[in-house]
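Student: Residue numbers (the working numbering), protein chains in the order written: chain A, 770 to 1026; chain B, 673 to 899; chain C, 166 to 804. Think of the CB as a built atom: it goes at the ideal place given N, C-alpha and C, for glycine as much as any other residue.
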Amino acid sequence: MKIILNIWRQKNSSSPGKMVRYELGNVNEHMSFLEMLDVLNEELTRKGEEPVTFEHDCREGICGSCGFMINGIPHGPERGTTVCQLHMRHFHDGEELWLEPFRAKAFPVLKDLMVDRSAFDRIIAAGGYISINTGSAPEANSIPVKKQCADRAMDAAACIGCGACVAACPNASASLFVSAKIAHLGLLPQGEPERDRRAMRMVLKMTEEGFGYCTNTGECEAICPKGVKIENIAMMHRDFTRAVALFREESKAGGAG
Amino acid sequence: MGTIALNSGLERTAFFYQSVVGKKVVMAVTGSVLCLFVLGHMLGNMQIYQGAEKLNNYAAFLQGLGAGLWAVRLVLLACVGLHILSAYQLWRLKLDARPTPYVKKATVATTYAARTMTWSGPIVLAFIIYHLLHFTTGQAHPDFRRGDVYHNVIAGFSNPAASLFYIVANILLAIHLYHGVWSMFQTVGVNHPRYTPWLKRLSKAYAWVIGIGNVSFPLAVLTGIVK
Amino acid sequence: MAFQLDSRTPSGPLEQRWSKAKQEMKLVSPANRRKYTVIVVGSGLAGGSAAATLGELGYNVKCFSFHDSPRRAHSIAAQGGINAAKNYQNDGDSVYRLFYDTIKGGDFRSRESNVYRLAEVSVNIIDQCVAQGVPFAREYGGTLANRSFGGAQVSRTFYARGQTGQQLLLGCYQALERQVDAGRVQMFYRHEMLDLVVIDGRARGIVTRNLVTGSIDCHVADAVVLATGGYGNAFYLSTNAKNCNATAIWRAYKRGAGFGNPCYTQIHPTCIPQSGDYQSKLTLMSESLRNDGRIWVPKQKGDTRNPNEIPEDERDYYLERMYPAFGNLCPRDIASRAAKLMCDQGYGVGPGGRGVYLDFKESIGRLGRKTIEERYGNLFEMYERITGEDPYTVPMRIYPAVHYTMGGLWVDYHLQSTIPGLFVLGEANFSDHGANRLGASALMQGLADGYFIISYTVGHFLAQVKPGGVNTDHAEFRAARQEVDERTRRLLSIKGRKTVDDFHRELGKILWEFCGMARNAPGLKHALEKIPELREEFWQNVNVPGSAEDLNQSLEKAGRVADFLELGELMCLDALEREESCGGHFREEHQTEEGEAKRDDERFCHAAVWEYAGDGKRPVRHVEPLQFEFVHLAQRSYK
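See the structure below:
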């Protein structure tokens, strides 16, 4: 089948970009979307042009590296699918597609379809963890966890950090990503001691990084390749509000020991 | 980022409001007050269908509350102020958060109501100002009689242009509520797979009730049902 | 320079060896630790856990990753689970049994002491991960759930749906980010290690390329830890992520680190079959599927009927028939070879007859669709997305694919390579799995190395050296930098007619055909002629577009493929020299009458360690004899 691609080409973060049109003649319907781009890149290389830069790695939909906009939707038209798992059988012969990088102030474009998502790491570093040094963990079964809690935590933890939620959000909000971590750890008894601190620091960091706010449009939930729910965002709002309201200063006398 | 220091109440409030979540919660809480007011306002005005005396007595009762009325007005004013302030600041953040727009953008889940919140809001605000000048203080009214609410309504709505603005604005208000009521719950952290679908239905019902109720007044006058 | 292959294995009773070794290790006092800089290359399970743990201890850690975030490392794709000898199921598991299963699964080609230590710390790993908030599957009572896995008769595998690797990696990534926030670990994202710098016989730093700006930089350290994963991508088509590569370990090898058992590669039995030439990678379906899925082929050759129309008595559940004790849960190498055997004999299904059925009909009938959905839902979805077929109603088609490399840089009991100060963890090293890795053991090894072993052994090493002492102006750093620059310039200047992928695909075909699931001397000799030719052509005729001062994915790929073109030759050489069959290394000349792998313990009960002898020179093969004091060397039997 034939596919017409309009791809955003941008040399680096400081230069302007533009849409460039490519036609691809022999696309097999069993190819994945990225394999189709591989074919394009091979063609471009043979012609002496620079191939299209796009991020990708596992191609199994779990590493979260890949992702760009296809016709204005992150990861393309299929729900619950990353672009690496999107197959060409979902497109028709002669279809024209627009590929663009995820756009947000916090996700500067590095080149073509590749963006810098390190803001996500900085948000995790601000509190998206449970402080437990190696070796100090208690016996695993000494902390019983309700199955429903473990399951819900797992639902939230399934987030792959691809950034599609930010890309889809009309406000470029990272709420779904941040709340997924707050919910994952907050739902588990292990995460309880740092729950307030985590919510405060992560939300503050998210704001600092220049992400927008949540207007509850549900766009992120709809396009999330892992089906992470905005229920988590409600939990984040609740946790944050409660944490700020009930926050206590650390004792001036220092720790207990 | 070091430890968070929130020594005074002011610092605590500032910290809360500084964050995108805080602003949004302020918007939701003030929104909920305004929501309830809108419902109360509409229910009170329903007395127009019971005749001039009933409605004018109700107005007199409200005026008779004196300080109480002013307290309510102040709370409402504060809520409107904060609702607008947070909306404005969040709207600026939104512009900031995506400086380069998409060449092509599609939406998958966003409802018309959710998409239009940022401009249904300002129009409703303009309407409220007009509405106050129209029926509360009278400057925008051709034949304003202090104390005779019934007359003011009939006379005001007899002008088709004014009525049309009322109808359009109230439809927008309903659309604003269509997304806003459920959104409020979500923002303050109420979401449960069992109840959220009902909250969404409640939100829609609320919007319909307010919309139909409010639009009915000018329509009733224009069609001569209320004279 | 001849290698000193001192494995530094402690003596004495097996179960006391690790404690004894720990007690004998020298320590660096807490106040002195920040004076030492440790470079960790790689931030997957092994590298991430090592960097986090060393940071917690107070060392000055610099962690390098070619990804944009540690969460992208390919550990994330591990699906099935992680083994640990907790014996929560009361089904007779123990540290010894996990040790024994691993040794036996590895076909008696690993070090007893290492494997015992691995089994021993496996229990601590689970504790650590649970405390970090890894959402392992739970029973209704709140305790941890287990499932069974290939090569074991107990249920000792802990899992988080089909995303165990992801959850363990996120746990370790979070621990790492916590250290980043605390200022104890400095992350270098999108930096690729391109050379190791050895000064006075000690690893003293690395040379990296910033993948965004193209800048080549030198970094000094008191010890270097490589946790850069395996080299399965040498085959082009594998279940590895597209960017997995051997560059870091290969450059270290060329700087003097011995390469252990390069021919040991694991072919995973349950992957989605290839659908066309454009295919860029193969997708694994977790081994855990073999718990509830039954593998079969039609009894009739070339049967093209719809599988649901083939009656029970016309199906050959060949694994259950051939290996009644373990059935569908026999180890990976055995299951893979059996599938190949069936397809070679003409019983294969699907395009080209390269596939066998993995059928869930029976278990859906027995347990209900809901239970199967709960256990494997995401895997089923993935299968459907890729193939367009619904595995709830039509049996999956699977075929073996390259998955893991047991070989890697040789390390001693301290995980130190033949270069002092160079430590190697996880899949990048050769230890623990012998000639075949059991399912759910890679996660265990990566985390054991990173959380619980390196923290002691790096300390022991550092306690014996003074911190600092060299800087990047040192002649060796300048020389290494220059070599990297030169090589980059050369790659970009060829401007030939073939793309990097053209060469990679060709190399892959050679390796898969001659150094894949079954190998023989003539084939390997043929490959040993073909690979140097291909390499020659690569350096004459490759086309790498773009510049060095830019983000250039073609250049990144070219450097990695250039290394695979050298490593592939070493794999074949090692496979040719090892004239026996063991685990993943199956030499057709050495098999039993029933077609099983036949070891030669007389001649090959050792690890082969290859020493680089210079460009164009044949590397030198050394051996580390393997002593089995506690287990009896037996012919593996899963019947």
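Compare the C-beta of Leu871/B against all C-beta atoms of chain A and say whether one is closer than 8 Å.
Tutor: Working through the second sequence from its first residue, we reach residue 871/B at position 199. Output row for Leu871/B: interface = no.
Student: Do Gly316/C and Gly245/C have their CB atoms nearer than 8 Å?
Tutor: Reading the third sequence from its first residue, position 151 is the one you call residue 316/C. Reading the third sequence from its first residue, position 80 is the one you call residue 245/C. No, the Cβ-Cβ distance between Gly316/C and Gly245/C is not below 8 Å.
Student: If we define contact as Cβ-Cβ less than 8 Å, is Ala812/B a contact residue for chain A?
Tutor: Here the question's residue 812/B lines up with position 140 in the second sequence. False, the Cβ-Cβ gap to chain A never drops below 8 Å.
Student: I'd like to know whether the C-beta of Lys227/C is nearer than 8 Å to at least one C-beta of chain A.
Tutor: Translated into the one-based positions of the third sequence, residue 227/C becomes position 62. Judged by the 8 Å Cβ criterion, Lys227/C is not in contact with chain A.
Student: Hey, quick one: how far does the beta strand (DSSP E) through Met561/C stretch, first residue to last?
Tutor: Locating residue 561/C in the third sequence gives position 396, where the first residue counts as 1. Start and end: Met561 to Thr570.
Student: Measure the CB-CB distance between Ala926/A and Gln332/C and report whether it falls below 8 Å.
Tutor: Taking the first sequence and counting its residues from 1, the one referred to as residue 926/A is at position 157. Taking the third sequence and counting its residues from 1, the one referred to as residue 332/C is at position 167. The answer is yes: Cβ separation under 8 Å.
Student: Any idea what DSSP makes of Pro585/C, helix, strand or coil?
Tutor: Reading the third sequence from its first residue, position 420 is the one you call residue 585/C. Coil, per DSSP.
Student: Report the residue ranges of all beta strand (DSSP E) runs contained in full by the segment 469 to 533 of chain C; include only those spanning at least 3 residues, in chain order.
Tutor: Listed in chain order, the complete beta strand (DSSP E) runs (minimum 3 residues) inside the segment 469 to 533 of chain C are 521 to 524.
Student: Once the 5 residues before and after Met673/B are set aside, which same chain residues still bring their CB inside 6 Å of it?
Tutor: Indexing the second sequence from 1 puts residue 673/B at position 1. Only weak support is given to the placement of Met673/B: the predicted model assigns it a pLDDT of 44, under 50, and the question is left unresolved by the model.
Student: Let me know the secondary structure DSSP gives Gln331/C once reduced to three states.
Tutor: The residue labelled residue 331/C in the question sits at position 166 within the third sequence. Looking at Gln331/C - three-state DSSP - the assignment turns out to be helix.
Student: Throw me the rounded Cβ distance for the Ile696/C and Glu734/C pair, which I believe falls under 8 Å.
Tutor: One-based indexing of the third sequence puts residue 696/C at position 531. One-based indexing of the third sequence puts residue 734/C at position 569. Ile696/C to Glu734/C, Cβ: 5 Å. Contact.
Student: What is the residue span of the beta strand (DSSP E) that Tyr791/A lies within?
Tutor: Counted from its first residue, the first sequence places residue 791/A at position 22. It spans Gly786 to Leu793 - the beta strand (DSSP E) in which Tyr791/A sits, taken as one unbroken run.
Student: Please list, in chain order, the residues of the segment 1001 to 1016 of chain A that have any C-beta partner in chain B closer than 9 Å.
Tutor: Result list: Asn1001, Ile1002, Ala1003, Met1004, Met1005, His1006, Arg1007, Asp1008, Phe1009, Thr1010, Arg1011, Val1013, Ala1014 and Phe1016.
Student: Taking the Cβ atom as the reference point for each residue, do Leu765/B and Val692/B lie within a distance shorter than 8 Å?
Tutor: As a working note, residue 765/B is residue 93 in the second sequence. As a working note, residue 692/B is residue 20 in the second sequence. Their beta carbons are under 8 Å apart, which means Leu765/B touches Val692/B by this criterion.
Student: Taking 8 Å as the CB-CB limit, is Thr536/C close to chain A?
Tutor: Taking the third sequence and counting its residues from 1, the one referred to as residue 536/C is at position 371. False, the Cβ-Cβ gap to chain A never drops below 8 Å.
Student: List the DSSP bridge partners of Glu226/C.
Tutor: Here residue 226/C refers to the residue found at position 61 of the third sequence. Correcting the residue type first, residue 226/C is Val in the shown sequence and not Glu. Paired residue(s): Val203/C and Val350/C.
Student: Where do the ends of the alpha helix (DSSP H) carrying Cys416/C lie?
Tutor: Numbered from its first residue, the third sequence carries residue 416/C at position 251. It is Arg, not Cys, that sits at residue 416/C in the sequence shown. Per DSSP, Arg416/C belongs to the alpha helix (DSSP H) from Thr412 to Lys419.
Student: Pull up the DSSP beta-bridge partners for Asp728/C, would you.
Tutor: Residue mapping note: residue 728/C aligns to position 563 of the third sequence, counting from 1. Partner(s): none; Asp728/C has no beta bridge.
Student: Hey, would you say Leu283/C sits closer than 8 Å to Ala613/C, going by beta carbons?
Tutor: Within the third sequence, residue 283/C is the residue found at index 118, counting from 1. Within the third sequence, residue 613/C is the residue found at index 448, counting from 1. Going by C-beta atoms, Leu283/C is nearer than 8 Å to Ala613/C.
Student: Quick one: which chain A residues come within Cβ less than 8 Å of Gly771/B?
Tutor: Position 99 of the second sequence holds residue 771/B. Checking the sequence shown, residue 771/B turns out to be Pro, not Gly. Under the 8 Å cutoff, chain A gives Lys874.
Student: Closest by CA to Ile241/C, which one among Asn248/C, Gly213/C, Asn225/C and Arg262/C?
Tutor: Position 76 of the third sequence, counted from the first residue, corresponds to residue 241/C. The option with the nearest alpha carbon to Ile241/C is Gly213/C.
Student: Taking 7 Å as the limit between beta carbons, can you name the residues of its chain near Val665/C, skipping five residues before and five after?
Tutor: Your numbering for residue 665/C matches position 500 in the third sequence. Here the set comprises Val707, Val709, Ser719, Lys722, Ala723 and Val726.
Student: Closer than 7 Å between beta carbons: that is the criterion. Which residues of the segment 902 to 927 of chain A meet it against chain C?
Tutor: Within the segment 902 to 927 of chain A, the qualifying residues are Asn902, Thr903, Ala906, Pro907, Glu908, Ala909, Asn910, Ile912, Pro913, Val914, Lys915, Lys916, Ala919, Ala922, Met923, Ala926 and Ala927.
Student: By the three-class DSSP mapping on this structure, what secondary structure does Tyr689/B have?
Tutor: As a position in the second sequence, residue 689/B is number 17, starting the count at 1. Here Tyr689/B sits in helix by DSSP.
Student: Are Trp775/C and Phe400/C closer than 8 Å when you measure CB to CB?
Tutor: The count along the third sequence starts at 1 and reaches residue 775/C at position 610. The count along the third sequence starts at 1 and reaches residue 400/C at position 235. Contact flag unset, no.
Student: Round the Cβ separation of Lys407/C and Ser453/C to the nearest angstrom and send it over; I've been treating them as touching at under 8 Å.
Tutor: To locate residue 407/C, count along the third sequence from 1; it is residue 242. To locate residue 453/C, count along the third sequence from 1; it is residue 288. 24 Å between Cβ atoms; not a contact.
Student: Could you tell me which of Gln719/B, Trp742/B, Ala778/B and Lys696/B sits nearest to Ser942/A, measuring between CA atoms?
Tutor: Numbered from 1 along the first sequence, position 173 holds the residue referred to as residue 942/A. Minimum Cα distance to Ser942/A is reached at Lys696/B.
Student: So with CB distances below 8 Å, who are the chain A contacts of Tyr305/C?
Tutor: For the purposes of this step, residue 305/C is taken as the residue at position 140 of the third sequence. Lys916, listed in chain order.
Student: Hey, would you say Lys874/A sits closer than 8 Å to Pro771/B, going by beta carbons?
Tutor: The sequence position of residue 874/A within the first sequence is 105, counting from 1. The sequence position of residue 771/B within the second sequence is 99, counting from 1. Against a cut-off of 8 Å, the Cβ pair of Pro771/B and Lys874/A comes out as a contact.
Student: Looking at C-beta atoms only, is the number of pairs between the segment 295 to 310 of chain C and the segment 894 to 911 of chain A that lie closer than 8 Å three or more?
Tutor: Because the criterion of three Cβ pairs below 8 Å is met, the segment 295 to 310 of chain C and the segment 894 to 911 of chain A touch.
Student: DSSP three-state call for Asn197/C: helix, strand or coil?
Tutor: As a working mapping, residue 197/C is identified with position 32 in the third sequence. Helix at Asn197/C.
Student: Can you tell me whether Trp575/C is buried or exposed? The criterion is at least 16 other CB atoms within 10 Å of its CB, across all chains shown.
Tutor: Numbered from 1 along the third sequence, position 410 holds the residue referred to as residue 575/C. Burial call: buried.
Student: So within the segment 604 to 644 of chain C, which uninterrupted alpha helix (DSSP H) runs reach at least 4 residues, ignoring any that extend past its ends?
Tutor: Runs of the alpha helix (DSSP H) inside the segment 604 to 644 of chain C: 607 to 612 and 619 to 627.
Student: Is the beta carbon of Ala215/C closer than 8 Å to that of Val390/C?
Tutor: What you label residue 390/C is simply residue 225 of the third sequence in a count that begins at 1. What you label residue 215/C is simply residue 50 of the third sequence in a count that begins at 1. Yes.
Student: On a Cα-Cα basis, can you pick out the residue from His861/A, Asp826/A, Ser801/A and Ile776/A that is closest to Glu819/A?
Tutor: The residue given as residue 819/A occupies position 50 in the first sequence. Out of His861/A, Asp826/A, Ser801/A and Ile776/A, Ile776/A has the C-alpha closest to the C-alpha of Glu819/A.
Student: Confirm, please, whether the CB-CB distance from Leu732/C to Trp461/C is below 8 Å.
Tutor: The count along the third sequence starts at 1 and reaches residue 461/C at position 296. The count along the third sequence starts at 1 and reaches residue 732/C at position 567. No, they are not a contact pair.
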